[in-house]
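Numbering (this note's numbering), first residue to last: 7 to 228.
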């Protein structure tokens, strides 16, 4: 079994893990009563969000594709993660452990298809996000983790995964603490991805800012 990580681009946005493709928990603002926003077509809204962030900010997600033995032509999108400055992920605004710090990029969660649990895809995708955000000048990455024996109703990573990836608590909460990891400025050997994706979308150079987004621009145009 072979695992390959690819950036989510305009050309691969339809090839992401199924739950990730239909979840807009992070991408849409919460209702006034803190309930999750409703939409008629979450998959469509998710695609709109992906295309917008790609145009304005650059790479904002990764998918881990699993190739089964002897079949390298039809890989399965086994896990997907998304990350961006918090203004692109308004669903985080009412998290009980407070808003993401102004100098950090938010890692929303890692969606893993049940059949691929246990392959440590979360760790590989998180490592890749840390490497990419460091390359682009972000000081830190923050995320919300779930603490408790029960399954969370929201798409949250477990606290254990974040702690194992080097995150530490910056704001305590009984069930949803906020975690942070400072970017060290070095590339992880575990963060393997297709450089061509980044050259096409990020234009082979750091963005002018990671917190406010850049001016809208066409993908691949200098």
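Idealized CB from N, CA, C, for every residue including glycine.
From a predicted model like this one, the values you see are computed outputs, not experimental measurements.
Count the other C-beta atoms from every protein chain shown that fall within 10 angstroms of the C-beta of residue i, then say buried if there are 16 or more, exposed otherwise.
i, result
"residue 100", "exposed"
"residue 74", "exposed"
"residue 12", "buried"
"residue 121", "exposed"
"residue 102", "exposed"
"residue 189", "buried"
"residue 127", "buried"
"residue 50", "exposed"
"residue 223", "Because the pLDDT at residue 223 is just 34, under 50, the model does not fix this residue reliably, and the value given afterwards should be weighed accordingly. By the 10 Å Cβ count, residue 223 comes out exposed."
"residue 46", "exposed"
Measuring straight from C-alpha to C-alpha, what distance separates residue i and residue j?
i, j, result
"residue 80", "residue 105", "40 angstroms"
"residue 58", "residue 173", "28 angstroms"
"residue 168", "residue 178", "14 angstroms"
"residue 198", "residue 134", "Caution is warranted here: a pLDDT of 47 is assigned to residue 198, below 50, making its placement in the model unreliable, and no coordinate value can be reported."
"residue 148", "residue 90", "10 angstroms"
"residue 25", "residue 119", "8 angstroms"
"residue 52", "residue 15", "13 angstroms"
"residue 161", "residue 92", "16 angstroms"
"residue 67", "residue 111", "12 angstroms"
"residue 175", "residue 185", "4 angstroms"
"residue 96", "residue 136", "21 angstroms"
"residue 164", "residue 17", "30 angstroms"
"residue 36", "residue 48", "14 angstroms"
"residue 60", "residue 156", "35 angstroms"
"residue 8", "residue 88", "22 angstroms"
"residue 125", "residue 170", "15 angstroms"
"residue 144", "residue 113", "12 angstroms"
"residue 29", "residue 84", "15 angstroms"
"residue 27", "residue 34", "14 angstroms"
"residue 117", "residue 142", "24 angstroms"
Let me check understanding here. Comparing Cα to Cα, which of the options lies closest to residue i?
i, options, result
"residue 158", "174, 180, 170", "180"
"residue 107", "187, 30, 53, 50", "187"
"residue 55", "166, 20, 176, 142", "20"
"residue 71", "130, 94, 46", "130"
"residue 23", "138, 34, 123", "123"
"residue 69", "139, 82, 27, 86", "86"
"residue 150", "64, 7, 115", "115"
"residue 109", "50, 34, 62, 139", "139"
"residue 154", "98, 113, 182, 62", "182"
"residue 82", "63, 10, 170", "10"
"residue 152", "145, 146, 166", "166"
"residue 31", "98, 84, 142", "98"
Taking DSSP as the reference, what is the three-state secondary structure of residue i?
i, result
"residue 106", "coil"
"residue 146", "strand"
"residue 197", "Confidence at residue 197 is low in this model, with a pLDDT of 46, below 50, so the placement of that residue is unreliable and no value is reported for it."
"residue 13", "strand"
"residue 50", "helix"
"residue 265", "For residue 265 there is no data in the structure shown, the boundaries of the chain being 7 and 228."
"residue 87", "strand"
"residue 18", "coil"
"residue 97", "helix"
"residue 216", "Residue confidence is low: residue 216 scores 40 on pLDDT, short of 50, so the model does not pin down where it sits. No coordinate-derived value is stated."
For this session: Mind listing, in chain order, the continuous beta strand (DSSP E) runs of no fewer than 3 residues lying wholly within the segment 109-196?
Result: DSSP runs (the beta strand (DSSP E)) wholly in the segment 109-196: 110-118, 146-152, 174-177, 184-188.
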